[in-house]
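K.L.:
According to our numbering, the residues represented by the sequence shown are 4 to 561, in order. All residues carry an ideal CB built from backbone N, CA and C; glycine is no exception.
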Amino acid sequence: MTFDHRKYRRFEVPNKPDRRWPDNRIEQSPRWCAVDLRDGNQALVKPMSPAQKQRLFDLLVKLGCKEIEIGFPSASQPDFDFCRKLIDENRIPGDVTIQVLTQARPELIERSFEALKGARRAIVHVYNSTSVVQREQVFAMSREGIKHIAVTGAQLVKEQAARYPDTEWVFQYSPESFTGTEVDYAIEVIDAVSAVWQPQNGQQMIVNLPATVEMSSPNVFADQVEWVCEGIKHREHITISLHTHNDRGCAVAAGELGVMAGADRVEGTLMGNGERTGNMDLITMAMNLYSQGIDPQLNFENMAEIREVVESCTDITTHPRHPYVGELVFTAFSGSHQDAIKKCLNRRAAGEVWNVAYLPIDPKDIGRRYEDVVRINSQSGKGGVAHVLERDYNIDLPRWLQQEFSRLVQKQAEDQGGEIDSLTIRRLFDEHYLAVPVGWALKHYDLHRGDGGVSASVSLDNGADYRGASQGALEAIVQAVSETLGVGIEIEEYNEFAVEAGTQANALACIRATLGGHTLSAASLGEDTTSAMLQAFFSVAGRYVQAAVPAERPALAV
Ligand code: KIV
Ligand code: ZN
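1. Look up LEU331 in the DSSP assignment and say whether it is helix, strand or coil.
2. Going by Cα to Cα distance, which pick from ASP84, GLY261, HIS246 is closest to GLU229?
3. Let me confirm a value: ARG371 is counted as buried when at least 16 other C-beta atoms fall within 10 Å, else exposed. Which label applies?
4. Out of ARG124, ARG410, GLU117, ALA516, which one is the CA nearest neighbour of THR100?
5. Going along the chain, which unbroken runs of the beta strand (DSSP E) with 3 or more residues stay wholly within the stretch 265 to 346?
6. To the nearest angstrom, report how far apart ASN249 and LYS345 are at their CA atoms.
7. Go through the stretch 497 to 528 residue by residue and report every complete run of the beta strand (DSSP E) that reaches 3 residues or more, in order.
8. Taking 7 angstroms as the cut-off, does the CB of GLU278 come closer than this to any heavy atom belonging to the ligand ZN?
9. Note the first and the last residue of the continuous alpha helix (DSSP H) segment covering SER134.
10. When DSSP labels each residue in this structure, what does ASP468 get in the three-state scheme?
11. Measure how close the beta-carbons of LEU488 and PHE432 come, nearest whole angstrom, since I'm counting them as under 8 angstroms.
12. Given a cut-off of 8 angstroms, decide if LEU411 and HIS435 are closer than it, judged by their beta-carbon atoms.
13. The ligand ZN and HIS246: does the residue's C-beta get closer than 7 angstroms to at least one heavy atom of that ligand?
14. Following the continuous beta strand (DSSP E) through LEU1, name the residue where it begins and the one where it ends.
15. Taking 8 angstroms as the threshold (C-beta atoms), are ILE71 and GLN102 in contact?
16. If you reduce the DSSP assignment to three classes, tell me which class GLY456 lands in.
17. Inspect the beta-carbon positions of GLY456 and ALA444 and report whether they are closer than 8 angstroms.
18. Among LEU477, TRP172, SER134, which has the Cα closest to the Cα of GLU185?
19. Just to confirm the assignment, what range does the alpha helix (DSSP H) spanning THR155 have?
20. From the DSSP output, read off the bridge partner residues of MET208.
21. Taking the alpha helix (DSSP H) that LEU426 belongs to, which residues open and close that run?
22. Less than 7 angstroms separating the Cβ of ASN211 from some heavy atom of the ligand KIV?
23. ASN93: beta carbon under 7 angstroms from a heavy atom of the ligand ZN?
24. How big is the Cα-Cα spacing for GLU304 and ILE369?
25. If I follow the unbroken alpha helix (DSSP H) through TRP35, where does it start and stop?
26. Checking the sheet assignment: what are the DSSP bridge partners for ARG402?
27. Hey, could you find the ends of the beta strand (DSSP E) GLN382 is sitting in?
28. Any idea if LYS49 is buried or exposed, counting beta-carbon neighbours within 10 angstroms, 16 or more meaning buried?
29. Relative to the C-alpha of LEU528, which candidate in ILE190, GLN507, ILE494, LYS236 has its C-alpha closest?
30. Return the chain-ordered list of same chain residues with a C-beta closer than 7 angstroms to the C-beta of PRO557, the five sequence neighbours on each side being excluded.
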């Protein structure tokens with residue numbers, strides 16, 4: 004038996020009963036650091052080319068990222084070259100700080116500073132693994148030994164920085180695999196590093212807490228973060244940063260709860276590309292803040308462009324349900340969702356706070372169209388079908404016809420087994436309702452209103468003439484046709500609408516009538532309501548006459 008949960012043990016939850024973070028709210032955006040070009044890049048099947056790196060860097064800058072980890076130059080020549088290119092070609096905007104990662108080893112730290120030579124401001128990010136599993140099984144070192152690596156690395160960073168006084172240096176330390184590290188020990192190592200860097204004396208210092216592997220639920224991570232924030236020395240002089248991975252699918256949640264627990268800064272990547280299940284998705288976390296009315300300090304108004312650049316640089320396609328970015332994330336196929344969305348959008352006044360069922364944000368904010376919201380398949384109902392006709396063709400159907408037509412669309416969707424696009428919906432409507440039976444097109448009509456009611460005469464293009472008189476025009480014509488065909492005619496439903504500007508027709512008439520026991524419907528778009536009404540009725544009559552019920556069809560007596 005290979006699928007056996009007994010192989011695993013429960014994560015030992017640190018005991019922090021005095022946790023305060025659950026009562027906190029995120030009031031403002033954290034500082035962001037984009038690590039797409041380092042953590043994202045090192046996880047790709049095919050690492051990015053220099054041109055792809057430049058394209059992604061430029062996108063990050065355009066989105067408003069102010070801190071960007073651009074690589075691991077001491078471990079990779081392409082990363083070194085890219086770092087040099089950015090600096091030598093003056094491609095880093097004045098308000099953007101680049102960051103490079105290095106292990107806490109002398110030759111690697113030295114090389115990292117060579118890569119950064121000439122930068123206006125830079126973050127040197129040094130790390131070593133501190134977790135129990137790494138100490139015991141990978142390095143076979145004691146807690147003291149691992150702490151010594153961190154302290155030596157910190158000293159080397161400080162010494163190297165002193166050799167390049169023209170650059171404004173920020174030092175960052177990560178107790179890598181923090182989530183698997185005893186919190187009191189992580190604090191001991193961090194304090195040892197800060198004793199070297201002395202943030203209380205003005206050295207800018209970031210402590211980055213990586214969920215290198217996401218090992219517990221996000222509330223446990225938040226406990227760990229709060230514990231560090233409360234436990235380390237010189238907290239007020241240190242920026243606490245988070246770096247969460249998505250092994251349990253909660254990297255964004257861990258980031259959010261970690262900020263509630265006191266973190267000031269969050270590292271992540273666009274759409275979460277990164278090692279294994281990925282890094283924390285910057286877009287999702289930032290957009291979550293945005294949807295709560297908090298300025299995320301990043302601009303995602305052109306999500307299509309972001310998606311295109313990320314896809315082409317990572318060679319990874321976006322899942323259609325990826326939060327905020329995927330093709331289907333604002334789409335409703337289900338009839339009840341469509342109805343609710345349509346009602347909310349129709350009621351919404353410009354400038355109002357967003358409050359639309361099923362849509363956490365206004366898709367337009369990130370460059371999406373409302374057209375993508377209501378899409379039709381066999382799960383959709385009358386509201387959605389009616390919405391498409393109204394939205395795309397200015398055809399506003401009465402409720403009874405919405406019901407009838409949506410059954411027809413649903414049948415088509417079931418037969419065809421997929422989505423029904425707007426053009427097909429329109430074609431179905433034309434074929435089933437607007438199409439005029441051959442010979443039954445209205446050619447000419449005359450109406451006279453007098454004291455006794457309306458007298459009407461109509462001629463069709465098959466040469467037939469109908470004359471009748473009654474209280475209204477429709478009644479007069481119904482009577483004439485009924486007598487001519489020799490069948491009883493009942494008008495079951497009748498509606499006429501003015502058609503919105505932008506279409507050729509000015510009026511839409513919809514009719515459902517029972518002729519000789521057969522119920523038929525038709526619609527007509529006309530220059531005016533009377534011609535639309537008359538044509539709709541004659542379309543129904545023509546359909547009856549031409550229907551495949553020969554035994555019951557009376558001879559057409561003209
Ligand atoms: O996931 C991780 O721990 C890292 C560190 C090097 C910060 O990427
Ligand atoms: Zn990472």
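P.N.:
The answer reads as follows:
1. In the three-state reduction of the DSSP assignment, LEU331 falls in the coil class.
2. Closest option to GLU229, judged by alpha-carbon separation, among ASP84, GLY261, HIS246: GLY261.
3. The residue in question, ARG371, is buried, as its Cβ has 16 or more Cβ neighbours within 10 Å.
4. The shortest C-alpha to C-alpha distance from THR100 to any of ARG124, ARG410, GLU117, ALA516 is the one to ARG124.
5. Given a length threshold of 3 residues, each whole run of the beta strand (DSSP E) inside the stretch 265 to 346 is given here in chain order: 268 to 271.
6. Straight-line measurement puts the Cα of LYS345 at about 35 angstroms from the Cα of ASN249.
7. 510 to 518, all fully within the stretch 497 to 528.
8. Distances from the CB of GLU278 to the heavy atoms of the ligand ZN include at least one below 7 angstroms.
9. Premise fails: SER134 is in no alpha helix (DSSP H) and is neither H nor E.
10. Assigned with DSSP and collapsed to three states, ASP468 falls in strand.
11. The distance from the Cβ of LEU488 to that of PHE432 is about 26 angstroms, inconsistent with a contact at the 8 angstroms cut-off.
12. Yes.
13. HIS246: yes, Cβ under 7 angstroms from the ligand ZN.
14. What the structure shows of the chain is the stretch from 4 to 561, and residue 1 is not part of that stretch, so it cannot be assessed.
15. The criterion of a C-beta distance shorter than 8 angstroms is satisfied by GLN102 and ILE71.
16. Note: GLY456 maps to strand in three-state DSSP.
17. Not in contact: GLY456 and ALA444 (Cβ atoms no closer than 8 angstroms).
18. The shortest C-alpha separation from GLU185 is found at SER134.
19. First-last of the alpha helix (DSSP H) with THR155: 146 to 166.
20. According to DSSP, which records beta bridges pairwise, MET208 is partnered with PHE174, ILE241.
21. Start and end: 425 to 432.
22. Within the cutoff, so yes.
23. Outside the cutoff, so no.
24. Rounded to the nearest whole angstrom, the CA to CA distance from GLU304 to ILE369 is 4 angstroms.
25. Per DSSP, TRP35 belongs to no alpha helix (DSSP H); it is in the beta strand (DSSP E), 34 to 37.
26. DSSP lists no partner for ARG402.
27. Counted as a single uninterrupted DSSP element, the stretch harbouring GLN382 is not any beta strand (DSSP E), since DSSP gives it neither H nor E.
28. Exposed, by the Cβ-count rule.
29. Distances from the CA of LEU528 to each of ILE190, GLN507, ILE494, LYS236 were compared; the closest alpha carbon is that of GLN507.
30. Since pLDDT at PRO557 reaches only 43, below the 50 mark, its modelled position is unreliable, and no value is offered.
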